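S.K.:
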Amino acid sequence: MNGRLIVFEGVEGCGKTSQIQLCQEWLKSLGVSVVVTREPGGTALGLDLRRLLLEVENKKIADTTELLLYAADRSQHVEEELKPNLEKGNIILCDRYTDSTIAYQGYGRGLDINLIKQLNAIATGGLESDLTLWLDVDIEVGLSRKRAHSDIADRIELEAIAFHRRVQQGYSQLQASQDKIVRIDASLNKEAVQKMIQTTLSDRLKAWDYIISPESTL
Ligand SMILES: Nc1ncnc2c1ncn2[C@@H]1O[C@H](COP(=O)(O)OP(=O)(O)O)[C@@H](O)[C@H]1O
Ligand SMILES: [Mg+2]
């Protein structure tokens, strides 16, 4: 497999979707074959699972059920979307992946982290990201960004502040223990955050022999 999997992680409203879109435009302008996808919901089946997982009416999802639904989404996504695109040599920008499950279902819900790692291994068949960008912002800032732009909050956004705080601690601990997780200060404006991401990605894409000019588009 010649492509690379770049994952964007972080709490609600940290800017994953915005930054992925800006990255996609930038990489396209450089002639890099880039594909954007997300979890949950990166496949047709996954869209149904995403709806089940995020709709507010679904108050009765047991923690383990939630964990397994995310794993089912991931397994389908790996087979149907990630592996084929890596085989084609594409750069994949993926909105959430295995670390989200560790942060939300592990640190957030309190499920056993070693079991989650085993489940992640089953769901992914061992496919790991090549680089993970953790967009780090205070949870209050992230949640208020979301609320400023939408009246509708999903089931996870509506969790208590304490839950989001545990998730944030989870990301922090994951980043401290893994070199491939790069922390990006996501508290700055969108353009400044994008510039930092482009700096990190330029270095990686050069190291991976993707032909890319070092200039940023910003
Ligand atoms: N750096 C930023 N500063 C201010 N607002 C931002 C920033 N990044 C994103 N936003 C806004 O915050 C909201 C959430 O951003 P989004 O990219 O959807 O985050 P995520 O996908 O991580 O939840 C959007 O309305 C977006 O326009
Ligand atoms: Mg998003």
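Residues in the sequence shown are numbered from 1003 upward in steps of one, following my numbering. All C-beta atoms, glycine included, are put in the ideal place defined by N, C-alpha and C. All values reported here derive from a predicted model rather than from experimental measurement.
Ligand 1 heavy atoms versus the CB of Gly1017: any closer than 7 Å?
M.R.: Sequence index remark: in the sequence shown, residue 1017 carries index 15 (1-based). Correct: Gly1017 has its Cβ closer than 7 Å to ligand 1.
S.K.: Regarding Glu1197 and ligand 1, is the C-beta to nearest heavy atom distance less than 7 Å?
M.R.: Here the question's residue 1197 lines up with position 195 in the sequence shown. The sequence given here places Lys at residue 1197; Glu does not occur at that position. No, the Cβ of Lys1197 stays beyond 7 Å of every heavy atom of ligand 1.
S.K.: Hey, how far is the Cα of Arg1006 from the Cα of Ala1162?
M.R.: For the purposes of this step, residue 1006 is taken as the residue at position 4 of the sequence shown. For the purposes of this step, residue 1162 is taken as the residue at position 160 of the sequence shown. Each residue's alpha carbon lies about 35 Å from the other.
S.K.: Hey, quick one: how far does the beta strand (DSSP E) through Arg1006 stretch, first residue to last?
M.R.: By one-based count along the sequence shown, residue 1006 stands at place 4. Unbroken beta strand (DSSP E) run through Arg1006: Arg1006 to Glu1011.
S.K.: Going by beta carbon distance, what residues of the same chain come within less than 8 Å of Val1080, once the five residues before and after it are set aside?
M.R.: One-based indexing of the sequence shown puts residue 1080 at position 78. Closer than 8 Å at Cβ, skipping near neighbours: Ala1125, Thr1126, Gly1127 and Leu1129.
S.K.: Could you have a look at Trp1136 and say whether DSSP puts it in helix, strand or coil?
M.R.: As a first step, residue 1136 must be located in the sequence shown, where it is residue number 134. In the structure shown, Trp1136 sits in a strand (DSSP, three-state: E or B).
S.K.: Along the chain, where does the alpha helix (DSSP H) that runs through Arg1168 open and close?
M.R.: Along the sequence shown, read from residue 1 onward, the residue named residue 1168 stands at position 166. Counting along the chain, the alpha helix (DSSP H) containing Arg1168 begins and ends at Ile1163 to Ser1179.
S.K.: So, are the CB atoms of Leu1029 and Gln1196 less than 8 Å apart?
M.R.: Numbered from 1 along the sequence shown, position 27 holds the residue referred to as residue 1029. Numbered from 1 along the sequence shown, position 194 holds the residue referred to as residue 1196. No, the pair does not count as a contact, with Cβ atoms beyond the cut-off.
S.K.: Mark Val1139 as exposed unless 16 or more other C-beta atoms lie within 10 angstroms of its C-beta, in which case mark it buried.
M.R.: Numbered from 1 along the sequence shown, position 137 holds the residue referred to as residue 1139. Result: buried.
S.K.: Evaluate the contact criterion for the stretch 1096-1114 versus the stretch 1056-1075: three or more CB pairs, one atom per stretch, below 8 Å.
M.R.: With a cut-off of 8 Å, the stretch 1056-1075 and the stretch 1096-1114 count as touching, because enough Cβ pairs lie within range.
S.K.: Between which two residues does the beta strand (DSSP E) containing Ile1158 stretch?
M.R.: On the sequence shown, position 156 is the one that residue 1158 refers to. No beta strand (DSSP E) holds Ile1158; DSSP gives it neither H nor E.
S.K.: So Ile1093 is in the beta strand (DSSP E); what residue range does that whole segment cover?
M.R.: Stepping through the sequence shown from its first residue, residue 1093 is reached at position 91. Its beta strand (DSSP E) spans residues Ile1093 to Asp1097.
S.K.: Just to confirm the assignment, what range does the beta strand (DSSP E) spanning Arg1052 have?
M.R.: Locating residue 1052 in the sequence shown gives position 50, where the first residue counts as 1. Where Arg1052 is concerned, there is no enclosing beta strand (DSSP E), although the alpha helix (DSSP H) it sits in stretches over Ala1046 to Leu1056.
S.K.: Roughly how many angstroms separate the alpha carbons of Ser1146 and Gly1015, rounded to a whole number?
M.R.: On the sequence shown, position 144 is the one that residue 1146 refers to. On the sequence shown, position 13 is the one that residue 1015 refers to. For Ser1146 and Gly1015, the distance between alpha carbons rounds to 8 Å.
S.K.: Pick helix, strand or coil for Arg1076, following the three-state DSSP scheme.
M.R.: For the purposes of this step, residue 1076 is identified with residue 74 of the sequence shown, where counting begins at 1. Helix.
S.K.: Expressed to the nearest angstrom, what Euclidean distance is found between the alpha-carbon atoms of Ile1022 and Lys1192?
M.R.: Along the sequence shown, one-based indexing puts residue 1022 at 20. Along the sequence shown, one-based indexing puts residue 1192 at 190. Roughly 11 Å between the two C-alpha positions.
S.K.: I'd like to check one pair, Glu1041 with Arg1098: are the Cβ atoms closer than 8 Å?
M.R.: Within the sequence shown, the letter at position 96 stands for residue 1098. Within the sequence shown, the letter at position 39 stands for residue 1041. Going by C-beta atoms, Arg1098 is nearer than 8 Å to Glu1041.
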